[in-house]
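Just so we're aligned, residue 1010 is where the sequence shown starts under the numbering used here, counting upward by one.
Think of the CB as a built atom: it goes at the ideal place given N, C-alpha and C, for glycine as much as any other residue.
Note that the coordinates shown come from a computational prediction; the quantities given were computed from them, not determined experimentally.
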Amino acid sequence: MIPRVFGLVLKLAQEPDIDASNYENRLGDPGSRTEALLHSQPTTPGKDALMSRFSKISFAIIIFASSVAQAEDSKEYLLRYKFVEGQVIRYEVSSRDDYVIKIGMDEDTPFSYQDSVKNYTVISVDKDGMATLELMNMEWVKTHVNQNGQQAEYDSRKNEEPEALFAPLASMVGKKHLRVDLSATGDIEKIETLLNKDKEVKELAQDVLVKLPEEPVKVGGLWKEEVTVPLNLPGGSLKQNIKLQRRYFIQSVKDGIAKISMKTKVLTPLNNADLEIQLIRRQPEGTILFDLEKGLVISREVSQNNQVVNFGQGASQMTFTQKHTEKLLPGDIASGESEAIQK
1010 MIPRVFGLVL KLAQEPDIDA SNYENRLGDP GSRTEALLHS QPTTPGKDAL
1060 MSRFSKISFA IIIFASSVAQ AEDSKEYLLR YKFVEGQVIR YEVSSRDDYV
1110 IKIGMDEDTP FSYQDSVKNY TVISVDKDGM ATLELMNMEW VKTHVNQNGQ
1160 QAEYDSRKNE EPEALFAPLA SMVGKKHLRV DLSATGDIEK IETLLNKDKE
1210 VKELAQDVLV KLPEEPVKVG GLWKEEVTVP LNLPGGSLKQ NIKLQRRYFI
1260 QSVKDGIAKI SMKTKVLTPL NNADLEIQLI RRQPEGTILF DLEKGLVISR
1310 EVSQNNQVVN FGQGASQMTF TQKHTEKLLP GDIASGESEA IQK
């Protein structure tokens, strides 16, 4: 369909205007009708002829554009990670968190921002695309915290003794913290911690890789992922599992890059502010760029703007906003900061 319509556009654009009077004069002679067509000469088109040709071309272009759009809309894309054994994929990460906390008449506005580089190493890949990855959350990290009017900073590249506030963070720098077995769609089959922090394993697993759809999808296609989050019940050690749903939507595909939007929805009804406050950092939305040919996330930009009121059995309010970006770094392990990686 598309080649035929495009050919029509070219034909209309190149077709000369026939001298109609010359052609009509020759119609009286039946033997010369074919000759009339063969010998009629192009003439300078008048205004009406130009308008007629313009209308034909415009109409054909509209049909062509419509056909292209329909073809693009109907095309299906198979989104898969393409793991390569020995590959090291690195991302530059930047994040800023801002809070506004009001309790009674008091108000505080703590904030923090952090820059780092994270990576994952592909240990092995089987014939079905199932891969074993080892994840390092921070090759290096630089962070700044402002709380209660006090400021503190830590930069792991300076090799300085961290303040007590940053000791847990410093203990993870340059160390692989998770080993996961996962499919080409990002489904986790097995996970183990490498830093003896079992409590955090399930939480960390939720953000290893973006979940991809099982079936091919078109532009406008939607798929969903359910995530279970354990919350602490007030007044004890019991927990309640809460269901979150992440919804992914393909906005466009251009030059082999799929633009995917993501939103998070809380599925479990909550009528308790002390539970809601534990989810204030768990409801991101944003945009993901995925390279279809390389099978890689090349960037992720998410934000949050959440608010909870009347937590802690009093007049209170907390507003949390966040901007978080991840960008793929070129090549495998590059020189520079990554030299500090501990294997």
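Query	Result
Which same chain residues, not among the five before or five after Val-1126, have their C-beta less than 8 Å away from its C-beta?	Arg-1099, Tyr-1100, Glu-1101, Val-1102, Met-1147, Glu-1148, Trp-1149, Leu-1338, Glu-1346 and Ser-1347
Asp-1264 to Ile-1112, Cα distance in whole Å?	51 Å
Taking the alpha helix (DSSP H) that Glu-1285 falls in, what are its first and last residues?	1282–1285
Given 8 Å as the limit, is there contact between the segment 1150–1161 and the segment 1189–1201, that is, 3 or more CB pairs closer than that?	no
According to DSSP, is Arg-1320 helix, strand or coil?	Reading off the sequence shown, one finds Phe at residue 1320, where the question assumed Arg. Coil at Phe-1320, not helix or strand.
Which stretch, first to last residue, makes up the alpha helix (DSSP H) that contains Pro-1177?	1176–1179
For Lys-1272, collect the residues of the same chain with a Cβ closer than 6 Å to its Cβ; drop the 5 residues on either side in sequence, then sort them by chain order.	Arg-1256 and Glu-1294
Hey, how far is the Cα of Lys-1184 from the Cα of Ile-1259?	35 Å
How long is the line joining the alpha carbons of Ser-1355 and Pro-1222, rounded to whole angstroms?	This structure cannot settle anything about residue 1355, because the visible part of the chain is limited to 1010 through 1352.
Leaving aside the five residues before and after Lys-1332 along the sequence, list all residues of the same chain whose C-beta is less than 6 Å from its C-beta, in chain order.	Arg-1105 and Ser-1312
Which same chain residues end up closer than 8 Å to Lys-1220 when comparing Cβ atoms and leaving out the 5 residues on each side of it in sequence?	Thr-1194, Gly-1195, Asp-1196, Trp-1232, Glu-1234, Arg-1255 and Tyr-1257
Taking the alpha carbon of Gln-1160 as the reference point, which residue from Ala-1179, Ser-1121, Ser-1133 and Leu-1178 has its own alpha carbon closest?	Ser-1121
Report the three-state DSSP secondary structure of Asp-1089 (helix, strand or coil).	Here residue 1089 is Arg; the residue named in the question, Asp, does not match the sequence. Looking at Arg-1089 - three-state DSSP - the assignment turns out to be coil, as it is neither helix nor strand.
I think Ser-1261 touches Val-1228, with their Cβ atoms under 8 Å apart; what is that distance to the nearest whole Å?	6 Å
What residue range does the beta strand (DSSP E) around Arg-1166 cover?	Note, Arg-1166: premise wrong, no beta strand (DSSP E); not H, not E.
Count the other CB atoms, across all protein chains shown, that sit within 10 Å of the CB of Met-1145; report buried if there are 16 or more and exposed otherwise.	buried
Does DSSP put Ser-1083 in a helix, a strand or coil?	helix
Under the three-state reduction of DSSP, which class applies to Pro-1339: helix, strand or coil?	coil
Cα separation between Lys-1268 and Phe-1299?	7 Å
Closer than 6 Å by C-beta to Asn-1250: which residues in its own chain qualify, once you throw out the five before and the five after it? Chain order, please.	Thr-1237 and Pro-1239
For Ala-1140, count neighbouring C-beta atoms within 10 Å of its own C-beta (all shown protein chains included) and say buried if the count is 16 or more, exposed if not.	buried
Between which two residues does the beta strand (DSSP E) containing Asp-1135 stretch?	Looking at the DSSP string, Asp-1135 is not in any beta strand (DSSP E), and its letter there is neither H nor E.
In chain order, what residues of the same chain have a beta carbon less than 6 Å from the beta carbon of Leu-1284, not counting five sequence neighbours either side?	Leu-1240
State the CB to CB distance for the pair Asp-1117 and Asn-1157, rounded to an integer number of angstroms; the pair is presumed to be in contact (CB under 8 Å).	6 Å
Is it buried or exposed for Ser-1363, if we count other Cβ within 10 angstroms and need 16 for buried?	With the chain running from 1010 to 1352 in the structure shown, residue 1363 is simply not present.
Buried or exposed for Val-1093, please, with buried defined as at least 16 other CB atoms from any protein chain shown within 10 angstroms of its CB.	exposed
Taking C-alpha atoms, which residue in Leu-1301, Phe-1175, Gly-1244 and Pro-1278 lies nearest to Gly-1006?	Any property of residue 1006 remains undetermined from this structure, which presents the chain solely from 1010 to 1352.
Is it buried or exposed, Met-1327, if we count other Cβ atoms within 10 angstroms and call 16 or more buried?	buried
The beta strand (DSSP E) that contains Val-1097, what's its start and end?	1097–1112
From the DSSP secondary-structure annotation, give me the bridge partner or partners of Pro-1239.	Asn-1250
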